[in-house]
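Chemist: Number 439 in numbering that gives the first Met the number 0 belongs to position 440 of the sequence shown; there are no gaps in the numbering.
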Amino acid sequence: MQCVKLPISVTVEINLLLVAVTVSALVTRLYGIHLPKAVVFDEVYYGQFLSLYMKQVFFIDESGPPFGHMILALGAYLGGFDGNFVWNRIGAEYTSNVPVWSLRVIPALAGSFCIPLAYLLVVQLGYSHSSALGACVLLLMENSLIVQSRFMLLESVLIFFLLLAVLSYLCFYKAHNSSFRWFWLVTCGVSCACGIGVKYMGMFTYFLLLGLAAVHTWHVIGDRTLSHVIVVQILVRFLALVVLPVIMYLGFFYIHLTLLYRSGPHDQMMSSAFQASLEGGLARITQGQPLDVAFGSQVTLRTVSSKPVPCWLHSHKANYPVRYENGRGSSHQQQVTCYPFKDVNNWWIIKDPGQHSLVVSSPPRPVRHGDIIQLLHGMTSRYLNTHDVAAPMSPHSQEVSGYIDFNVSMPAQNLWRVDIVNRESDREIWKTILSEVRLVHVNTSAVLKLSGASLPEWGFKQLEVVGDKIYKSYQQNSMWNVEEHRYGRSQEQKERELELKSPTHSDIKRNLTFMAKFLELQWKMLTVKNEESEHKYSSSPLEWITMDTNIAYWLHPSSNAQIQLIGNIVNWTIANLSLVVYCLMILTYLPRRRRKVEDIPQDSWEQLVLAGVICFGGWAVNYLPFFLMEKTLFLYHYLPALTFKILQIPIVIEHLYIHVLRQLLCLLCISSAH
């Protein structure tokens, strides 16, 4: 105790300006967020996923990664929400079991903390506390940001992580000798991952920071004083800004897939193997099916592609019309289609062409890659056939039919070669659910393929299946997998029909690895898009600049009370002017500095350039990409870009005041003195 000097004291510095803007932000974003107690605009969209999270039911949202939904679900979980609410329309009154405050509090807190982050960011850029305060006041008064923060929406959460990422990187860049330096770099990587995890829009700011970090790393490489630690410097930056975000991104999906283990309404978009890994649904039907497909197996064949919809190879007692509407003729044989619903007419029997038996032998003879098979339709006993007759909707491809012998010199061509695309050996056994199979016609080398076209009324609007002679090495619409499977035991037609109508039973369970599920889910999110339709409040990026648009978020059913998403015209106008002025300043300074005319000191020039990269660059990368997007856009998509644009206002004003107005005043004073 002798080494301890008494009394022990702690000195704390409190920035009262920072405290004041933080409290103001909390008040403007949190006060009365439980009102209105009704669904507000996109709450109807996010709420559906929220309920599925509470019930741990699998879903896929192609608009973005799952981290944003998990953040909203955390608020619902803490509020005790059970997921029981019908999210069917904007304006629907919340029932008593919906904790409205809890659902909205996390976006509100995120929107509140954006204000102090903006203050600290401006200070880290090297500008005065007065400018930082000005930035906070402008953001505090920006009603579009206030509105977006007060409801169960994700833009405020996204902006919070983007500002935190930028601030953390600036703290890392400026703290050359601080022990906290690497903590800020790791925080930047974590924030970038969270921003991307909320919405893919976060990638724009992430790439901006990666570019800035690459430039700074290049300068580090040229610093001879750091030659002994240069490899460590580069490696740590790479781990924190590239490897860590990738690991976290995978982690978001791991948690997502772990929590959502039950079958749900979005299962049909996924592969049979993915569906079978979920509790209930297909897993309940297929659990324990025979794994190896054998001669005599009764199977349903599902297309690997989910475009335009997942469907199963199907046939029924209806023939192709003798002539189509355009005058072309057909074989008039039995229709073969792809049907997007489970049906007894989806069952087919895999037959050995050299034998008459339609049952599985004992022991079963498995079907292997390269084997020749026939496919017999279970309910109509017609063989799957294709020939040199044009398909009804795709005349450049061959018609696929259930063969009927009309004695018109059109022999059966019903032999198919099994080509297991994802095989590991040349004699691999055809596996239920796991194998992706291409069926190649022996006589014509055509591949059985889903064309995606819908047949007319005579084809019951089902999807066309064709024989495609011109096919690439890998096309999902020419791949099929066995989904439901049983070993056939009945040789007679009547007994076989009863067998086909009975459920399957066995005892084998299949599980996909996390990486297999992640890759499939990620691919679906990037490729499967809902049909985009024009929305009443959709807008174009050009309209955002001048705020020539708005969104009616909520309207009271009886009074005239309403909530509108609309910007502060003063903020938007000044922000637009600040962008123009900044560009003019840079265009003025650059050629003059090239000619060795330094109007401002080197430190001020570097400060101005860095501020431009962050603010002007942040606006550009979060705005310009929308001109290339073919999707329905809304005003709220502009809010991240708007935030960076507003931050530039006090920066431009301070620079003009110090380096332009002061110099003019000095010149005026000197001239008046003479």
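C-beta: ideal position from N, C-alpha, C; glycine also.
Between the beta-carbon of F171 and the beta-carbon of V620, is there less than 9 Å?
Modeler: no
Chemist: Considering Cα atoms alone, identify which of L414, K430, M409, E435 is closest to N421.
Modeler: E435
Chemist: Is H504 helix, strand or coil when you go by DSSP?
Modeler: For H504, the predicted model reports a pLDDT of 44, less than 50, meaning its position is unreliable; a value from the coordinates is still stated below. Here H504 sits in coil by DSSP.
Chemist: If you reduce the DSSP assignment to three classes, tell me which class V366 lands in.
Modeler: coil
Chemist: Determine the closest residue to I550 out of L300, P556, Q561, T10, with distance taken between C-alpha atoms.
Modeler: Q561
Chemist: Starting from T724, trace the alpha helix (DSSP H) in both directions and tell me its first and last residue.
Modeler: This structure cannot settle anything about residue 724, because the visible part of the chain is limited to 0 through 673.
Chemist: Please look up how many angstroms separate the CB atoms of G194 and L240, rounded, as I've assumed it's under 8 Å.
Modeler: G194 to L240, Cβ: 13 Å. No contact.
Chemist: For R593 and I7, what's the separation of their Cα atoms in angstroms?
Modeler: 57 Å
Chemist: Is the Cβ-Cβ distance between L157 and M200 less than 9 Å?
Modeler: yes
Chemist: As a quick exercise: from M202, A293, D291, pick the residue whose alpha carbon is nearest that of Y248.
Modeler: M202
Chemist: Taking Cβ positions, are P64 and M524 nearer each other than 9 Å?
Modeler: yes
Chemist: According to DSSP, is K350 part of a helix, a strand, or is it coil?
Modeler: Residue state, collapsed to three classes: strand.
Chemist: In angstroms with no decimal places, state the Cα-to-Cα distance between A213 and V231.
Modeler: 15 Å
Chemist: Quick one, which of L162, L541, V146 has its alpha-carbon nearest V121's?
Modeler: L162
Chemist: Going by alpha carbons, who is nearest to A37 out of N142, G82, F150?
Modeler: When only C-alpha atoms are compared, the closest one is F150.
Chemist: Would you identify the three-state DSSP class for I550, choosing helix, strand or coil?
Modeler: strand
Chemist: Could you check whether the region 133-143 touches the region 44-53, counting it as contact only if at least three pairs of C-beta atoms, one from each stretch, sit closer than 8 Å?
Modeler: no
Chemist: Report yes or no: do three or more beta-carbon pairs, one from the region 437-446 and one from the region 409-419, lie closer than 8 Å?
Modeler: yes
Chemist: Please report the straight-line C-alpha distance between I348 and F252, rounded to a whole angstrom.
Modeler: 39 Å
Chemist: V165 and G617 - do their beta-carbons sit closer together than 9 Å?
Modeler: yes
Chemist: DSSP three-state call for L5: helix, strand or coil?
Modeler: In the displayed model, L5 falls within coil according to three-state DSSP, outside both helix and strand.
Chemist: Is N398 helix, strand or coil by DSSP?
Modeler: What sits at residue 398 in the sequence shown is Glu, not Asn. DSSP places E398 in strand when its eight states are reduced to three.
Chemist: Can the beta-carbon of T379 be found closer than 9 Å to that of L447?
Modeler: Remark: C-beta atoms of T379 and L447 do not approach each other more closely than 9 Å.
Chemist: To the nearest angstrom, how far is it from the Cα of T299 to the Cα of H484?
Modeler: 7 Å
Chemist: Per DSSP, Q334 forms a beta bridge with which residues?
Modeler: S400
Chemist: Return the first residue and the last residue of the beta strand (DSSP E) that V682 is part of.
Modeler: This structure gives no information on residue 682, because the portion of the chain shown stretches from 0 to 673.
Chemist: Is the region 69-80 touching the region 95-105 in the sense that three or more CB pairs, one from each, lie closer than 8 Å?
Modeler: yes
Chemist: Which whole-angstrom value is the C-beta distance of L277 and F57, which I expect to be below 8 Å?
Modeler: 6 Å
Chemist: My understanding is that Q123 touches L169, with C-beta atoms under 8 Å, so please give their C-beta distance in whole angstroms.
Modeler: Contact between Q123 and L169 is confirmed by a C-beta separation of about 4 Å, below the 8 Å threshold.
Chemist: Under 9 Å, do S305 and I432 count as touching if we go by C-beta distance?
Modeler: The answer is no: Cβ separation not under 9 Å.
Chemist: Can you tell me which of the three DSSP states Y581 falls into?
Modeler: helix
Chemist: Should the region 456-464 be called in touch with the region 385-399, which here means at least 3 C-beta pairs below 8 Å?
Modeler: yes
Chemist: Distance check for Q521 and P115, CA to CA, integer angstroms please.
Modeler: 35 Å
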